[in-house]
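In what follows, a single structure is set out as structure tokens and then discussed.
Number of protein chains: 2
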Amino acid sequence: MAVTIKDVADRAGVSPSTVSRVIHNNPKISEETKKIVNKAMEDLKYHPNAVARSLANSSTQTIGLILPNSSDDLFTRPFFIEAMRGISIYAQNQKYNLMYCFSNSEEEEVGFIRNYINSGWVDGIVLFTARKEDKCISYLRKRDFPFVVIGEPEEGDDILWVDNDNVQSMYNVTSYLVEKGFRRIGLITGPDQFAVTRNRREGYLQALKSRKIDIDESLIRTGDSFSEETGYRCMKELIESENPPQAIASADDYLAFGAISAMKEAGILLPIVGFNNSPRAEFLSPALSSVDINPVLLGENAVELLIKSLQNKILPFKNVIVGTRLIERETTSKY
Amino acid sequence: MAVTIKDVADRAGVSPSTVSRVIHNNPKISEETKKIVNKAMEDLKYHPNAVARSLANSSTQTIGLILPNSSDDLFTRPFFIEAMRGISIYAQNQKYNLMYCFSNSEEEEVGFIRNYINSGWVDGIVLFTARKEDKCISYLRKRDFPFVVIGEPEEGDDILWVDNDNVQSMYNVTSYLVEKGFRRIGLITGPDQFAVTRNRREGYLQALKSRKIDIDESLIRTGDSFSEETGYRCMKELIESENPPQAIASADDYLAFGAISAMKEAGILLPIVGFNNSPRAEFLSPALSSVDINPVLLGENAVELLIKSLQNKILPFKNVIVGTRLIERETTSKY
DNA sequence: TTGTAGGCGTTATCAT
DNA sequence: ATGATAACGCCTACAA
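In order, the protein sequences belong to chains A and B. So for the first sequence, the numbering used here puts the first residue at 1; every next one is plus one. So for the second sequence, the numbering used here puts the first residue at 1; every next one is plus one.
Now the structure itself:
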């Protein structure tokens, strides 16, 4: 078997507790013995057993990520892997381990969370999406287990979360289109159960109101997914409506991709802006203007909040807003 | 604190070992006590502590994934997240946990592997790429630690790995282009240090040889990355060469994307096939023909091999070949 | 069939 | 400054 703290103690001629103290840089240990113990550890190539340590500390230094696995191709998008990478940047720096699991439904997500908590594997959990009346969130609160959400939940501000300012971002996009001279601006979004949908619509509405532009409900399409098909369908409806829009604000790039297909089919090409700055946006023809939401930073900040709260550090804020920026491309630059 | 096996034992009026036996379905336990103990477990909402269990068993039921983080945008591609999802499908089924880490270099990868092993967190490791003289592989072998590689390593067949038949796949692509009547077929690949590069080139060469077509080295471009820029540069060289190709086999979609840009710039459009069936391939104009390598299945099979070997199950094969299929799209269908 | 006791490797409390 | 001891929660000979 592997070399243990006892082996080191024997070789150094001290007790296991002394070795433990050396490992943890306990101040009241003589330089002399510290040297001897360190030598013994090197000689034996000793490495602490993290599992035993976890048992003794009742803390695993591990964070669990709950990844959704939506029916559409949501998870094939770079958002998740980018956020996971962001999370890894901060967590690895802090010597935290990362666990992940994919779920196929909200129920399954709750199941994995329950399992992570009951088994004692993780110290905290990262949720990748905030739904309306989110069962994961209510379960985690019921269990009083540390977690952070990527995306602002409706449940209030005693929850840790990070998000973009979705209201502001869509406000900016809408204003940008208004500035270009368009007044009839169509809005295509994903399902209403997601906070991101409601917030982006809110930004759209606010922008129009602040410019004294009347809201025309017939210009607002709430899709039942974030897929291209949905975007296509919504756009088609808009095109065929009595009073079609002059420009489109889309709450997601993929919805915008679908919308562009519908427009091409109809032989028109209205200015359009998407969200998430997906790789394809850049290479589409015409290249799609899109809002970069910085998923890496979302991930980093999320796990930073979580880890700091696990370490009982004082959190100046329970929430972090990550800035977005509009990447202007061909679908709007020529107007 | 959480309820332990001892609490259950007390409530059921038995010893902890009896409870443990019930949990593990030990055959020599009376139906009577089994019932009582189960009742007690439910009443107390008992859940075994996985950390304590791991310590006692010296097995964590956890697999560690080592993700590369190449300088180009490799990791933003769906391959990794898809493979991770495939891994999760099998692992979650087998009640295995998954850990992951991103590395910025081969050295860092070795560091994370060392850490995973020394800390005792994981029972086995999944490598996401096989390089020439791969340091991760040699380190894992030195430590005699269980692992599996996605991608065939050069080190031989006592290693667990899964891969596509890259030789055959590129053989098929090349043959497909030959069938269409082209004889001067250009080849664009990524760096030579990756087995996938060497194997796909081999398939290309074999296909030409089998058709008695002379190999023209000037048609073969080995890029120094898998990025679009590289593809662009390689294609430009091919176009400007004395004797340019009539069609292109590309070992990667992104290389193909870059190549298409170069062709568009030059006002030509040679037939071209890529690899990986990236989402963008479908939506490019013209849509890119590409080989679907089935990353989900690669992940599933990889972790299946690893877990079975951890469970000392007899493995009929140490390697698995996952089938590929050519998705024909506009870049070749019209020829 | 069930209980006892020791061990997994580390930490923390209490002595000394 | 260092050592002995118990504890973390579970498993598994060995005994009974």
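Backbone N, C-alpha and C define an ideal beta-carbon position, used for all residues, glycine too. Quick caveat, the model's predicted, so the values are computed rather than measured.
Roughly how many angstroms separate the alpha carbons of residue i and residue j, rounded to a whole number?
i                : j                : result
ASN247 (chain B) : ALA259 (chain B) : Per the sequence shown, residue 247 (chain B) should be read as Ala rather than Asn. The straight-line gap from Cα to Cα measures roughly 11 Å.
GLU228 (chain B) : PRO78 (chain B)  : 16 Å
ASP224 (chain A) : TRP121 (chain B) : 41 Å
ASP10 (chain A)  : GLU109 (chain B) : 33 Å
PHE102 (chain B) : ASN294 (chain A) : 18 Å
THR189 (chain A) : LYS334 (chain A) : 24 Å
LEU306 (chain B) : ALA262 (chain A) : 46 Å
THR332 (chain B) : GLY203 (chain A) : 45 Å
ILE5 (chain A)   : LYS39 (chain A)  : 13 Å
LEU255 (chain B) : LYS236 (chain B) : 12 Å
PRO146 (chain A) : ALA266 (chain A) : 51 Å
ASP214 (chain B) : VAL196 (chain B) : 23 Å
SER175 (chain A) : PRO191 (chain A) : 23 Å
GLY64 (chain B)  : TYR90 (chain B)  : 14 Å
ALA302 (chain B) : GLY124 (chain A) : 28 Å
ASN25 (chain B)  : ASN57 (chain A)  : 30 Å
ASN199 (chain B) : ILE87 (chain A)  : 35 Å
MET84 (chain B)  : ASN69 (chain A)  : 12 Å
LEU140 (chain B) : LEU298 (chain B) : 21 Å
VAL14 (chain A)  : VAL14 (chain B)  : 40 Å
Any Cβ of chain A within less than 9 Å of the Cβ of residue i?
i                : result
LEU55 (chain B)  : yes
GLU89 (chain B)  : Inspection of the sequence shows that residue 89 (chain B) is occupied by Ile rather than by Glu. It does; some Cβ of chain A falls within 9 Å.
PHE147 (chain B) : no
ALA52 (chain B)  : yes
THR62 (chain B)  : yes
CYS101 (chain B) : yes
PRO68 (chain B)  : no
ARG85 (chain B)  : yes
ALA2 (chain B)   : yes
PRO16 (chain B)  : no
LYS226 (chain B) : The question names Lys, but residue 226 (chain B) is Phe in the sequence shown. So, not an interface residue.
PRO27 (chain B)  : no
ARG280 (chain B) : yes
PHE257 (chain B) : yes
May I ask you to report which of helix, strand or coil DSSP gives residue i?
i                : result
ALA251 (chain A) : coil
VAL8 (chain B)   : helix
VAL291 (chain B) : strand
PHE182 (chain B) : coil
THR33 (chain A)  : helix
VAL14 (chain B)  : coil
GLY231 (chain A) : helix
THR129 (chain B) : coil
ASN164 (chain B) : strand
THR324 (chain A) : coil
THR222 (chain B) : strand
TYR343 (chain B) : For residue 343 (chain B) there is no data in the structure shown, the boundaries of chain B being 1 and 335.
VAL173 (chain B) : helix
LEU140 (chain A) : helix
TYR100 (chain A) : strand
THR331 (chain B) : helix
ILE314 (chain B) : coil
THR197 (chain A) : helix
Does any CB atom of chain B fall closer than 9 Å to the CB of residue i?
i                : result
LEU98 (chain A)  : yes
MET41 (chain A)  : no
LEU284 (chain A) : yes
HIS47 (chain A)  : yes
ASN118 (chain A) : yes
ARG141 (chain A) : no
TRP121 (chain A) : yes
ILE81 (chain A)  : yes
GLN92 (chain A)  : yes
PHE128 (chain A) : no
PHE112 (chain A) : yes
Kindly give me the distance between the Cβ atoms of residue i and residue j, rounded to whole angstroms, as I take these residues to be in contact under 8 Å.
i                : j                : result
ASP253 (chain A) : ALA287 (chain A) : That belief does not hold up - the Cβ atoms of ASP253 (chain A) and ALA287 (chain A) are roughly 11 Å apart, past 8 Å.
ASN97 (chain B)  : THR62 (chain B)  : 4 Å
ASN243 (chain B) : SER210 (chain B) : 22 Å between Cβ atoms; not a contact.
LEU160 (chain A) : SER309 (chain A) : 6 Å
inquiry  = Under 8 Å, with one C-beta from each stretch per pair, do the stretch 122-132 of chain A and the stretch 164-172 of chain A reach the 3-pair mark?
reply    = no
inquiry  = I want to know whether the stretch 308-320 of chain B touches the stretch 262-277 of chain B - three or more CB-CB distances under 8 Å.
reply    = no
inquiry  = Quick check: the stretch 33-44 of chain A against the stretch 17-24 of chain A, are at least 3 beta-carbon pairs closer than 8 Å?
reply    = yes
inquiry  = Whether or not the stretch 174-191 of chain B and the stretch 140-152 of chain B are in contact is what I'm after, with contact meaning three or more pairs of Cβ atoms, one per stretch, closer than 8 Å; do they touch?
reply    = no
query = Does the pairing of the stretch 109-119 of chain B with the stretch 79-87 of chain B give three or more beta-carbon distances under 8 Å?
reply = no
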